[in-house]
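Colleague:
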Amino acid sequence: MQNNRHRSLLWGLIGLLLVLILFSANSGALNLSITHLINLQFDDPLWHIWLNVRMPRIMLAVVVGMALASSGAVMQGLFRNPLADSGLLGISSGAALMVGLSILFPAIFPSIMMLYGKMFAAFAGSLLICLLIYIYSLNSQCNLAKMVLLGVSINAIIGAIMGCLSYMGDEIQLRQLSLWSMGNLGKGSWDLVLVAVSLIFPALLGIFKLSHALNLLQLGDEDAHYLGINVQRIKRYLLLLCAVLIGTSVAVSGIIAFVGLVVPHMIRLQMGANHRWLLPASALGGACLLLLADTFARTLVAPTEIP
108 MQNNRHRSLL WGLIGLLLVL ILFSANSGAL NLSITHLINL QFDDPLWHIW LNVRMPRIML
168 AVVVGMALAS SGAVMQGLFR NPLADSGLLG ISSGAALMVG LSILFPAIFP SIMMLYGKMF
228 AAFAGSLLIC LLIYIYSLNS QCNLAKMVLL GVSINAIIGA IMGCLSYMGD EIQLRQLSLW
288 SMGNLGKGSW DLVLVAVSLI FPALLGIFKL SHALNLLQLG DEDAHYLGIN VQRIKRYLLL
348 LCAVLIGTSV AVSGIIAFVG LVVPHMIRLQ MGANHRWLLP ASALGGACLL LLADTFARTL
408 VAPTEIP
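Just so we're aligned, residue 108 is where the sequence shown starts under our numbering, counting upward by one.
(1) Helix, strand or coil: how does DSSP classify A320 here?
(2) Please confirm if H113 has its CB atom under 7 angstroms from at least one CB of chain B.
(3) Over what stretch of residues does the alpha helix (DSSP H) that includes S296 continue unbroken?
(4) Could you give the first and the last residue of the continuous alpha helix (DSSP H) run that contains A388?
(5) Would you tell me roughly how many angstroms separate the C-alpha atoms of L302 and L158, rounded to the nearest one?
(6) Under DSSP, the alpha helix (DSSP H) around D192 begins and ends at which residues?
(7) Kindly list the residues whose CB is nearer than 8 angstroms to the CB of L346, restricted to its own chain and excluding five residues on each side of it in sequence; keep chain order.
(8) By Cβ distance, which residues of its chain are closer than 6 angstroms to N322, with the 5 residues on each side in sequence left out?
(9) Among the candidates G207, A320, N337, whose CA atom is the shortest distance from the CA of Y274?
(10) Quick one: Cα of E278 to Cα of S199, how far?
(11) Throw me the rounded Cβ distance for the L299 and P163 pair, which I believe falls under 8 angstroms.
(12) Quick check on I362: does DSSP put it in helix, strand or coil?
(13) Quick one: grab the DSSP three-state call for N110.
(14) To the nearest angstrom, report how far apart L306 and K253 are at their CA atoms.
(15) Can you list, in chain order, the residues of its chain whose CB lies under 7 angstroms from that of L396, leaving out five sequence neighbours each side?
(16) Here's the rule: buried if 16 or more other CB atoms are within 10 angstroms of the residue's CB, otherwise exposed. What is L196?
(17) Excluding the five sequence neighbours on either side, which residues of its own chain have a C-beta within less than 6 angstroms of the C-beta of L292, listed in chain order?
(18) Within 10 angstroms of its Cβ, does W118 collect 16 or more other Cβ (buried), or is it exposed?
(19) Candidates N111, L385, I156, G135: which alpha carbon is nearest I296's?
(20) Quick one: any contact between the stretch 176-185 and the stretch 377-394, if contact means 3 or more CB pairs under 8 angstroms?
(21) Kindly indicate which three-state DSSP category G172 falls into: helix, strand or coil?
(22) Quick one: give me the first and last residue of the alpha helix (DSSP H) that G201 is part of.
(23) Following the continuous alpha helix (DSSP H) through K277, name the residue where it begins and the one where it ends.
(24) Can you give the Cα-Cα distance for L211 and L204, rounded to whole angstroms?
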């Protein structure tokens, strides 16, 4: 009976996401509704704007929202900490710092890597902070307050470094750094969507597959070990997958806070703490929330856009 309710909620979220995609596709500074486009020739510039500007941005919002909310749910379960989040714990800041370094010092990465250079930088930064938090969480004296303080410290230190980078950069680099720090989906293109999907979807499938192991980890490391789980290996896999999700998201959209913190809690109120349902529902909820926020950001004061 409960499984039927959970399935109904998942289908409801899928339906809501489809409605929001249609709403977002029809919203903007230009009237690009489907009914209006049908009456135009396919080579009309409005078709080009709809297909190559608006739709890639919508798809990017969906993919990034899925990644952020899912990684937030995993981290809250992994650290057994309701405040765990990529932004609160400094993981997004670590990814953004490495992207900032790649912007100011592009020679660090081979030119042949192109966009993947920023992906690699963001992934490396997020993985480094994930490992730091994981090592700290192994401390027997680690608690909720100390974990939050660690995240605040990481954000403060990286914020200071980003300030130095902003001072060192030229006008173009400063603008790029500002967009990264505020979060922006305006650079969406089909190439960018393809790159994001190629990294985020496999990572999502990986964490969905580990949902049962994540449920067992909620019992404690010792009990999970007795139930046949290789605790350290599962934690390493989950950290690696979270680093891929967060690093890719920061690389394509900059820092977008609180999606990974708020959405899992909202879903948990309706579905409980079973990660078999929590993870896919959080992914759908994150996609809905970020898509709705991005739609309002580009329409409330159109044609001006709110970062």
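Yeah, the Cβ is synthetic: ideal placement off N, Cα and C, and Gly gets one too.
Modeller: Based on what the coordinates show:
(1) Indexing the sequence shown from 1 puts residue 320 at position 213. In this structure, A320 counts as helix in the three-state DSSP scheme.
(2) Included in the structure is just one protein chain, with no chain B present.
(3) Translated into positions along the sequence shown, residue 296 becomes position 189. Counting along the chain, S296 falls outside any alpha helix (DSSP H), and DSSP gives it neither H nor E.
(4) Here the question's residue 388 lines up with position 281 in the sequence shown. Residues 382-406.
(5) The sequence position of residue 302 within the sequence shown is 195, counting from 1. The sequence position of residue 158 within the sequence shown is 51, counting from 1. The sequence as given places Val at residue 302; Leu does not occur at that position. Their backbone Cα atoms lie some 18 angstroms apart in a straight line.
(6) On the sequence shown, residue 192 is found 85 positions in, with the first residue counted as 1. No alpha helix (DSSP H) holds D192; DSSP gives it neither H nor E.
(7) On the sequence shown, residue 346 is found 239 positions in, with the first residue counted as 1. Contacts found: L185, L234, C237, L238, Y241.
(8) In the sequence shown, the residue the question calls residue 322 occupies position 215. Here N322 has H382 as same chain residues with Cβ atoms under 6 angstroms from its own Cβ, once five neighbours each way along the sequence are excluded.
(9) As a position in the sequence shown, residue 274 is number 167, starting the count at 1. It is G207 whose Cα lies nearest to the Cα of Y274.
(10) For this step, residue 278 is matched to residue 171 along the sequence shown. For this step, residue 199 is matched to residue 92 along the sequence shown. Answer to the nearest angstrom: the Cα atoms are 24 angstroms apart.
(11) Along the sequence shown, one-based indexing puts residue 299 at 192. Along the sequence shown, one-based indexing puts residue 163 at 56. With a Cβ gap of about 7 angstroms, L299 and P163 count as contacting.
(12) As a position in the sequence shown, residue 362 is number 255, starting the count at 1. Correct three-state label for I362: coil.
(13) Taking the first residue of the sequence shown as 1, we reach residue 110 at position 3. Helix.
(14) As a first step, residue 306 must be located in the sequence shown, where it is residue number 199. As a first step, residue 253 must be located in the sequence shown, where it is residue number 146. A straight line joining the alpha-carbon of L306 with that of K253 spans about 32 angstroms.
(15) If you number the sequence shown from 1, residue 396 lands on position 289. Cβ-Cβ distances below 7 angstroms link L396 to G172, V366, V370 in the same chain, with the five nearest sequence neighbours on each side left out; the list follows chain order.
(16) Taking the first residue of the sequence shown as position 1, residue 196 is located at position 89. Buried is the call here.
(17) Here the question's residue 292 lines up with position 185 in the sequence shown. Taken in chain order, the residues that qualify are R164, L167, A168, S360, D401.
(18) Numbered from 1 along the sequence shown, position 11 holds the residue referred to as residue 118. W118 comes out exposed.
(19) Against the sequence shown, residue 296 aligns to sequence position 189. Strictly speaking, residue 296 in this sequence is Ser, with Ile absent from that position. When only C-alpha atoms are compared, the closest one is I156.
(20) Output reads yes: the stretch 377-394 touches the stretch 176-185.
(21) For the purposes of this step, residue 172 is taken as residue 65 along the sequence shown, with counting starting at 1. It is helical.
(22) Locating residue 201 in the sequence shown gives position 94, where the first residue counts as 1. Per DSSP, G201 belongs to the alpha helix (DSSP H) from 198-211.
(23) Translated into the one-based positions of the sequence shown, residue 277 becomes position 170. A quick correction: the sequence has Asp, not Lys, at residue 277. Run containing D277: none; DSSP gives neither H nor E here.
(24) Here the question's residue 211 lines up with position 104 in the sequence shown. Here the question's residue 204 lines up with position 97 in the sequence shown. Near 11 angstroms, if we compare the C-alpha coordinates of L204 and L211.
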